[in-house]
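Numbering (my numbering), first residue to last: 1061 to 1232.
Just so it is clear, CB atoms sit at the ideal spot from N, CA and C, and this is done for glycine as well.
The structure appears right after this line, and notes come after that.
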């Protein structure tokens, strides 16, 4: 009869061998999972770097386009302001001529004193048109800023009146 302990020891040795093998396989699987996670992390970092570079390049492109549009708008705005300045000057000269041509009628109907007022108004309009022609748009903008700094209340009043007049013109 074989002792019971031999079988128990044999079973225990076999169980330990199975445990060791299972532990070894588990550790190998764990190491493989860690290696896979590290590889995924590296790949994710690489992709994130590529996407970051692409996003930065796209952002730089958009910024450059926006700057170009801003420059174009600035140039176009300056052209339109110059055109408006020329038309305003022409309008003032036309009004000056009309007043000057009709000053004799004012002389006849209201008297020489009022005719002289009409002539001086015509002369003032002509002078203002000449000054307007001589100044650049940048100078006019600078003059406007200086006027607003010196008399902000007057500037607000003029803007309110001009806004009211424009709203009346466009309402009809």
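Beta-carbon proximity list for residue i, same chain, < 6 Å, skipping 5 on both sides
i	result
residue 1090	none
residue 1168	none
residue 1147	none
Closest by C-alpha distance to residue i, when choosing among the options
i	options	result
residue 1163	1124, 1148 and 1179	1179
residue 1165	1156, 1175 and 1157	1175
residue 1138	1224, 1196, 1206 and 1073	1196
residue 1184	1134, 1128, 1207 and 1160	1160
Residue j beta carbon less than 8 Å from that of residue i
i	j	result
residue 1193	residue 1149	yes
residue 1207	residue 1219	no
Cut-off 8 Å between Cβ atoms - residues of its own chain near residue i, not counting five sequence neighbours on either side
i	result
residue 1062	Note that residue 1062 scores a pLDDT of 48, beneath 50, so its modelled location is shaky and nothing firm can be said.
residue 1078	none
Cβ shell of residue i (< 7 Å), same chain only, five flanking positions each side left out
i	result
residue 1153	1186 and 1189
Integer Cβ distance of residue i from residue j, believed to fall under 8 Å
i	j	result
residue 1145	residue 1200	7 Å
query: What alpha helix (DSSP H) runs, 4 residues minimum, are completely inside the segment 1142 to 1220?
result: 1163 to 1170, 1172 to 1194 and 1197 to 1210
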